[in-house]
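Have a look at the structure below before the remarks.
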Amino acid sequence: MSTDAPDRYERIADNPEFAGLRRALRRFVFPMTIAFFSWYALYVILSAYARDFMGTVLFGNINVALVFGLLQFVTTFLIAWLYARYADRKLDPVAEDLNARIQAGEFDADEQPKEVVA
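When the letters of the sequence shown are read in order and numbered with UniProt numbering, they come out as residues 1 to 118.
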């Protein structure tokens, strides 16, 4: 097993499966981040510039601003749950396979690359 970590890292990073894993992660993370920040920005902007709307009483002492604020928490947990499902289905199987191959020394300098059967 080679101890040349930078070269080993480069071989792993150049692997098409690793690149696909990174693409799959970005395919989830970037849209969710944009969606959540947009939702949060809407909450902040409405709180600053639409005070009458945000102050609208829905029932009892509950107004729109409180509901929007609580929905921020709901959204956070929803995104975490969606990510866990996405990772279980799309990311973890590929990551586990790559990890097993790394542990087996497939990416060591003294090993010849093994062909991946699709």
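All C-beta atoms in this analysis are idealised placements derived from N, C-alpha and C, irrespective of residue type, glycine included.
Residue of the options minimising C-alpha distance to residue i
i: F18; options: A104, N99, W39 and L46; result: N99
i: E51; options: A65, A24 and L58; result: Looking at the sequence shown, residue 51 is not Glu but Arg. Of the candidates A65, A24 and L58, the one whose C-alpha sits nearest the C-alpha of R51 is A65.
Sequence-distant residues of its chain with Cβ nearer than 6 Å to residue i (five each side left out)
i: F68; result: Y43
Backbone CA spacing between residue i and residue j [nearest angstrom]
i: F102; j: A84; result: One detail in the question is off: residue 102 reads as Ile in this sequence, not Phe. Roughly 24 Å separates the two Cα atoms.
i: V74; j: W39; result: 12 Å
i: R8; j: G105; result: 10 Å
i: N61; j: L70; result: 14 Å
i: M54; j: R22; result: 40 Å
Close-in-space but distant-in-sequence residues of the same chain around residue i (CB under 7 Å, 5 per side omitted)
i: residue 157; result: Residue 157 lies beyond the stretch modelled for the chain, which goes from 1 to 118, so this question has no answer here.
Item checked: Start-end ranges of the alpha helix (DSSP H) lying completely within the stretch 16-98, minimum 4 residues -> 16-49, 51-54 and 64-86
Notebook entry, point to check: Counting pairs of beta carbons, one from the stretch 8-15 and one from the stretch 74-92, are three or more of them closer than 8 Å?
Noted result: The answer is no - the stretch 74-92 does not touch the stretch 8-15, with fewer than three Cβ pairs under 8 Å.
Next item on the list: Evaluate the contact criterion for the stretch 85-93 versus the stretch 33-47: three or more CB pairs, one atom per stretch, below 8 Å.
Entry: no
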